[in-house]
Amino acid sequence: MAGPGEVIKILGVPIAPNGKPSFDIDTLEGTLERIRKAPLKPAQKLATVQDYLIPSLEYGLGVPGISRKLLESVDGAIRQTVKRFLHLPTTGMNSMFLSMPIKEGGLGLRPLTTEHLARVA
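Under our numbering, the first residue of the sequence shown is numbered 402, with each subsequent residue one higher.
Structural data, given as C-alpha cells:
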C-alpha cells in the first residue's frame, strides 16, 4: 500500500499521486553518463544507446500523459550524449544526420518526440 504523496508503479510505469505518469530525467542522465564513460569504442556506445537504452525508454514514455516537453528533453539528453562520445561539436551544427536512416548516411537514432507524437498531441 502506497502512502500519500508516493509514486506507485502500474505495469512498470511510475504514476504520481495526481494520476499522471512520472519520469525521472536525472536517472536517464546518470545512465547516459555511465554509457559515455564506459570503456567501449564509440560505435559500441552508439549500439548500446540504440539497441538497449531507447527501447527500454519507449514503453514508459509511450503512455498517455507524458508531455511533449519531457519527450523533447529526453531526446535532447540522448543527442547531447551521443555527440559527446562521438567527439562531435555539441553546438552550432545541424543534428539532422543523427536521425537520418543509416542507408542515407545517418546514425539512425529514432527521435522519441516524433514516434509518440500522436499520443502527446
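We put the CB at the ideal spot given by N, CA and C, even for glycine.
All figures in this text were calculated on a predicted structure; none of them were measured in a lab.
For I467, which three-state DSSP category applies? coil
Strictly by DSSP, which residues pair up with P422? I416
Cutting at 6 Å between CB atoms, please list the residues of its own chain near L487, excluding the five before and the five after it. P443
Is the region 436-452 touching the region 479-486, taking contact as three or more C-beta pairs under 8 Å? yes
Cβ atoms of G466 and P422: under 8 Å apart, would you say? yes
L508 versus G431 - alpha carbon distance: 23 Å
Does the Cβ-Cβ distance between L499 and L513 come in under 8 Å? no
Helix, strand or coil at P456 according to DSSP, with G and I counted as helix: helix
Measure the Cβ-Cβ separation of G406 and P418 and say whether it is below 8 Å. yes
Collapsed DSSP secondary structure at R435 in the structure displayed: helix
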